[in-house]
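Asks: The structure under discussion is supplied below as structure tokens; questions concerning it will follow.
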Amino acid sequence: MGVEGIGAKVLRKEDRRFITGQGRYTDDMSVPGMKYAAFVRSPHAHAKITSIDASAAREMPGFIEFLDGQQLKADGIGNIICGWAVTSKDGSPMKMGAYPALADGIVRYVGQPIGIVIAETQAQARDAAEGVMIEYEELPVVVNGPDAMKAGAPQLHPEAENNICFDWELGDADATAKAFENPAKVIKLDIVNNRLSPNPIEPRAALGHYNSAEDHYTCYTTSQNPHVARLVMSAFYNVAPEHKLRVIAPDVGGGFGAKIYIYPEEIVCLWASKRTHVPVKWTSDRTEAFLTDAHGRDHVSDVEMALDANNKILGLRVNTVANLGAYMSLFSSATPTYLYATLLSGQYNIPAIYANVKGVYTNTAPVDAYRGAGRPEATYVIERTMETAARELGMSPAEFRRINFIREFPHQTPVIMNYDTGDFEATMEAAMKTADVAGFEGRRQEAKSRGKLRGLGMSCYIEACGIAPSKAVGSLGAGVGLWESAEVRVNPVGTIEILTGSHSHGQGHETTFAQVVSQRFGVPVDNVQIVHGDTDKVQFGMGTYGSRSGAVGCSAISKALDKVEAKAKKIGAHLLEADEGDIVIENGEVKVAGTDKKLAWHEVCLGAYTGHNLPDGMEPGLKEGAFYDPQNFTFPAGCYICEVEVDPDTGVTEIVQFVAADDFGNIINPMIVEGQVHGGLAQGIGQALLEGVNYDETGQLVTASYMDYAMPRAWDLPMFKVETLVTPCTTNPLGLKGCGEAGAIGSPPAVMNAITDAIGNNDLTMPATPEKVWNAINAVN
Amino acid sequence: MYETSYQRPTSIDEAVKLLGDSDGEGKLMSGGMTLIPTMKARLAMPTSLIDLRHVAELKGISFENGRLKIGGGTTHAEIKADATVKQHAPTLSYLAGLIGDPAVRHMGTIGGSVANHDPAADYPAALLAMGATIHTNTREVVADDFFTGMFETALEENEIVTAVSFEPPQAAGWEKFRNPASRYAMAGVFVAKRADGSVGVGVTGAGNAGVFRWKEAESALGSNFDGSALDGLSLSANDMMGDMHGSAGYRANLVKVVTKRAVASAKR
Ligand SMILES: Cc1cc2nc3c(=O)[nH]c(=O)nc-3n(C[C@H](O)[C@H](O)[C@H](O)COP(=O)(O)OP(=O)(O)OC[C@H]3O[C@@H](n4cnc5c(N)ncnc54)[C@H](O)[C@@H]3O)c2cc1C
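Line order of the protein sequences matches chains A and B. Residues in the first sequence are numbered consecutively from 1, following the working numbering. Residues in the second sequence are numbered consecutively from 782, following the working numbering.
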């Protein structure tokens, strides 16, 4: 490895602007004549709109315009789409409830946008939005997934009988039934995966700007995938044609999935800009974010695992109800199906698996992919079940896992996935050593002498990143291909610009992608510029989510670098009068191997652009592009071990140790990977101990601010002990698997396994608040 | 936030006059750490903000005639760091250092906290336990009479909290069980062994009528200043507050546990 190449702990190039407050976010953007928007939102979870009267608002200071669903409909703006068509087990397509960007006569969750007010200032827009008088006829409300399917439950959409959007299955029902015919033991567990709010530090925002002179639209927005936003806004929402719409996602302060989707607000701001002839900016406040950013998780499952007399797993059966919220969002059909049930084999040899998932509508905000997206839910199911099984068998959880580990690769699971590589025993052994599992009983006794209950919990996760082979996802219902594109532009002086379809909103691409280039040509990372987030600059891209920027985005860069390297070698060979096969490029030099004949990298680049002395027939210039379509998902895996101390008097859980041993394949920048793991662990521990979106039975969001939504703080977390082991991915050029979500995927079951071990009661749901833990302790005493 | 106007008096008299002129529509602002967030959430719409931060009479900490007196405009950070407070009431200094976060502590004031009487605010528990007096521009009120209910105090219209004063306790302990989301107290207990030997126990965050004194615990601790004195006691869930973070029954348990811990820390 070079000092700045792959494997080096290069300091993040982007941090200078972030830590000096010079990042430029959507809300920092300003264009001449810009005005401000506020949305009029539903205060009810389910109601008919009987009248809308903006006459008082129109008289208020600074008022410019009020628009609602009637005008939106008249202008032919399309309904919000879901980009992945899931088919129910009876062969019928999923039942999409119509979701106009501004409500059309009925509202189905608190916060649903009904109208937009545009005014001179943000404060005036908000004042006037309050001045819009709306009368409602309230309808009955249901907020809980299983309740929504019950007979007599309030019905949300005429399209979806019993509120069921899809009733989907995966795996072999017959083979699984057979596995349960004669097992030595069956483990049963009811599992709830709590609903979460993503909470990026930067709230969503949009600035829509219609230029009538050019008949051209620009949208600045907080997006993880600006090209996808442009595609969807033009192809489905009819806001603007693709070639006349520029989408810019500048610095984006965190996404965690919530900024993948194309929300009503950006569509409406763009459309309203054309209607009102002024640029329109909207910035969410924190409560709007809690109300309207797509939530994550919210599954209720029952699980059965059949074991043979040697404690080997025979089969797994899982029934899940996934609460989708009031409407479908961009990927909300895929998250609880293809991103979830396909991971139910975990790290284990399970001959038969059957999963049934019912996606149901409720009067809550839409639910979609949130850091981990389906894989945390799968990992929670499997890892809580594994630990429970080991306890019921009286075996050590490590030993039970060990005898069931997959050890040969590639491994075809019964649920679509084909794992290319891994070494599950190695990560488990590494974690157990660091966690000193052998010394745990002694620590438990010592804690007991202080009146504390100490527990140990393990989680061996596997997940799928690098979404995804286009042909495969297309056959499963995806509306788009999931390749990535890159362009490498070498300048005449040898500096390099990388135009990537990936988008960085905290991941550090400006550093890691530059390291990949540095590795290839030996140029300093400071000579490499990463360009992303602007549809007018970057050729195309599918964006960043599902930990795909390394495995897919960097693979595209690598492929484009191959082409640049090949051409540079040709030019070098010609200039050095050598054989092309003898040319090597390293340390910023183009050399003839085994001789002292060489040129500086920039001399070759300059040669490419002067065109004074190129091989016959060669085009001048040094610029290449590539589209990379992955062959397979990648499969990061690892083992997390959590040790807790519970205070029986109050139910407070303290995490006294957290060990993570991850296999992410090859690693570009260990420091950034460590940071990603820390952040993921904080979110996973947040889910296990603190976080939970809470609606009351009338559909009001109780957790609509940080006074009630408990975010993890530094003091809730221990000093993490993280390490990585490497089995390189076999299906992409750099051997990368992805590291962005693993922490959030693997940690919740480790925490819950530890607490339930400490208190001797397995009946505990997330978040394990002090009161719940205290009640669980009292229930067994 | 709704439109408002900003006023900057430099004396208590001027502040009272501005308040009177506002016909009940204006609001005093001390640190603004409660008021401004409420306005941002559009839950309060005062026509004017009367900023007390430039009123010199509200500043200052003194120890005279056996009483510690703290001006209403004193910030939490000042109370945390002040040498006189540390000398005479180290537990109050400790309490101040655990309020909110550094930004809140450098803006928020004891006068604002006392006047606001949030049912989970920290100072009211201490002032009750120590038998403090609240000074206003017109009178002096003992803490027992001052905190009348959730977000309610004995303050009358146009009355301003100017200071608090108390006789430092012989020993005191403060223990705060935090709400996992807001980090305000879900059960905060201040135990004071007063100069006359009696014991005060002030409880915040838990009661359904705001801060309160746990009198049974006070008498038990009065005869035996040790956590074990509380063993037979219990609080009724009917008097406790219940919410999504903790039921009334859970809070009743917490108050007892936390009181024991406060006694233990007072003895250290
Ligand atoms: C993030 C955060 C965390 C917090 N955590 C805690 C905590 O853990 N514990 C805790 O106790 N508090 C906490 N607080 C509240 C904080 O301590 C406030 O500073 C305090 O409650 C109010 O004081 P203030 O000076 O900011 O008052 P302001 O917000 O200025 O005023 C509050 C109210 O009192 C009135 N008022 C102010 N001064 C006077 C006066 N002298 N006379 C009469 N009326 C007056 C105002 O009109 C207003 O109605 C927190 C606040 C925040 C924002």
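Backbone N, C-alpha and C define an ideal beta-carbon position, used for all residues, glycine too. Just so we're clear, the structure is a prediction, and the values are computed from it rather than from any experiment.
Per DSSP, what kind of secondary structure is Arg1049/B in: helix, strand or coil?
Replies: Of the three classes helix, strand and coil, the one that applies to Arg1049/B here is coil, per DSSP.
Asks: Measure the CB-CB distance between Ala990/B and Met931/B and report whether it falls below 8 Å.
Replies: yes
Asks: Pair every Cβ in the segment 903-911 of chain B with every Cβ in the segment 752-766 of chain A, then say whether three or more of these pairs are closer than 8 Å.
Replies: Contact between the segment 903-911 of chain B and the segment 752-766 of chain A is absent, because fewer than three Cβ pairs lie under 8 Å.
Asks: Does ligand 1 have even one heavy atom less than 7 Å from the beta-carbon of Val885/B?
Replies: yes
Asks: Between the segment 676-696 of chain A and chain D, which residues of the former have a C-beta closer than 7 Å to a C-beta of the latter?
Replies: No chain D appears in the structure shown, which is made up of the protein chains A and B.
Asks: Taking the DSSP output, what are the residues bridged to Val982/B?
Replies: The partner list for Val982/B (beta bridge, DSSP) reads Val972/B.
Asks: For His916/B, count neighbouring C-beta atoms within 10 Å of its own C-beta (all shown protein chains included) and say buried if the count is 16 or more, exposed if not.
Replies: buried
Asks: Can you list, in chain order, the stretches of the alpha helix (DSSP H) that have 4 or more residues and sit fully within the segment 684-767 of chain A?
Replies: 742-759
Asks: So, with DSSP's three-state summary, where would you put Thr26/A?
Replies: helix
Asks: For a contact defined as C-beta to C-beta under 7 Å, what are the partners of Ala962/B on chain A?
Replies: Tyr706, Met707, Asp708, Tyr709, Ala710
Asks: In the segment 190-246 of chain A, which residue ranges form an unbroken beta strand (DSSP E) of at least 3 residues, counting only runs that do not cross its ends?
Replies: Runs found: 205-211, 216-221.
Asks: Run the CB neighbour count on Ser786/B, radius 10 Å, all protein chains shown included, and call it buried at 16 or more, exposed below.
Replies: By the C-beta density criterion, Ser786/B is exposed, having fewer than 16 other C-beta atoms within 10 angstroms.
Asks: Pick helix, strand or coil for Trp955/B, following the three-state DSSP scheme.
Replies: strand
Asks: So for Glu938/B, helix, strand or coil by DSSP?
Replies: coil
Asks: State the CB to CB distance for the pair Val722/A and Ala660/A, rounded to an integer number of angstroms; the pair is presumed to be in contact (CB under 8 Å).
Replies: Contact holds; Cβ gap of about 4 Å.
Asks: So, helix, strand or coil for Phe847/A, using DSSP?
Replies: Here chain A has residues from 1 to 781 only, and residue 847/A is not among them.
Asks: What whole-angstrom Cβ distance do Pro748/A and Pro376/A have, given they're in contact under 8 Å?
Replies: 6 Å
Asks: So, is the C-beta of Ala365/A closer than 8 Å to a C-beta in chain B?
Replies: no
Asks: Select from the segment 991-1016 of chain B all residues with a C-beta closer than 9 Å to any C-beta belonging to chain A, and list them in chain order.
Replies: none
Asks: Any beta carbon of chain B sitting closer than 8 Å to that of Asp27/A?
Replies: no
Asks: Taking the C-alpha atoms as reference points, what is the distance between Thr827/A and Glu392/A?
Replies: Because chain A in this structure spans residues 1 to 781, residue 827/A falls outside the shown range and cannot be described.
Asks: Do the segment 236-253 of chain A and the segment 58-72 of chain A touch if we need at least three Cβ pairs shorter than 8 Å?
Replies: no
Asks: By the criterion of Cβ-Cβ separation under 7 Å, what are the contact partners of Ser1028/B in chain A?
Replies: Glu771
Asks: As an exercise, report each continuous alpha helix (DSSP H) stretch of at least 4 residues that is fully enclosed by the segment 104-173 of chain A, in chain order.
Replies: Within the segment 104-173 of chain A, the complete alpha helix (DSSP H) runs of at least 4 residues are 122-131, 145-148.
Asks: Can you tell me where the beta strand (DSSP E) with Lys788/B in it begins and where it stops?
Replies: One detail in the question is off: residue 788/B reads as Gln in this sequence, not Lys. Counting along the chain, the beta strand (DSSP E) containing Gln788/B begins and ends at 786-788.
Asks: What does the alpha-carbon distance come out to for the pair Met1/A and Ile668/A?
Replies: Any reading at Met1/A is ruled out, since the residue's pLDDT is 43, under 50, leaving its predicted position unreliable.
Asks: Run the Cβ filter for me: residues under 5 Å from any heavy atom of ligand 1, listed in the order they occur in the chain.
Replies: Residues with a Cβ closer than 5 Å to any heavy atom of ligand 1, in chain order: Lys808/B, Leu809/B, Met810/B, Ser811/B, Gly812/B, Gly813/B, Met814/B, Thr815/B, Leu816/B, Gly853/B, Ile880/B, Gly881/B, Val885/B, Gly889/B, Thr890/B, Gly892/B, Gly893/B, Ser894/B, Ala896/B, Asn897/B, Ala902/B, Asp903/B, Ile941/B, Val942/B, Tyr965/B.
Asks: By the three-class DSSP mapping on this structure, what secondary structure does Thr865/B have?
Replies: helix
Asks: Identify each residue in the segment 640-662 of chain A for which the Cβ-Cβ distance to at least one residue of chain B is less than 7 Å, and report them in chain order.
Replies: Asp649, Thr650
Asks: Can you check which of these residues, Gly854/B, Lys850/B, Tyr783/B, Leu833/B, is closest to Val866/B by C-alpha distance?
Replies: Ranking the options by Cα distance to Val866/B, first place goes to Lys850/B.
Asks: Would you call Leu11/A buried or exposed, if buried means 16 or more other Cβ atoms sit within 10 Å of its Cβ?
Replies: Answer is exposed; the Cβ neighbour count stays below 16.
Asks: If you scan the segment 244-301 of chain A from start to end, which runs of the alpha helix (DSSP H) of 4 or more residues do you find wholly inside it?
Replies: 264-276, 286-292
Asks: Evaluate Arg24/A with the Cβ neighbour count: other Cβ atoms within 10 Å of its Cβ, from every protein chain shown; 16 or more gives buried, anything less gives exposed.
Replies: exposed
Asks: With distances taken Cα to Cα, identify the nearest neighbour of Phe947/B among Gly1023/B, Pro827/B, Arg848/B, Lys798/B.
Replies: Considering only Gly1023/B, Pro827/B, Arg848/B, Lys798/B, the residue with the shortest C-alpha distance to Phe947/B is Arg848/B.
Asks: Met1/A by DSSP, collapsed to three states: which one?
Replies: With a pLDDT of 43 at Met1/A, under the threshold of 50, the modelled position of that residue is not reliable, and no figure is offered here.
Asks: According to DSSP, is Asn527/A helix, strand or coil?
Replies: helix
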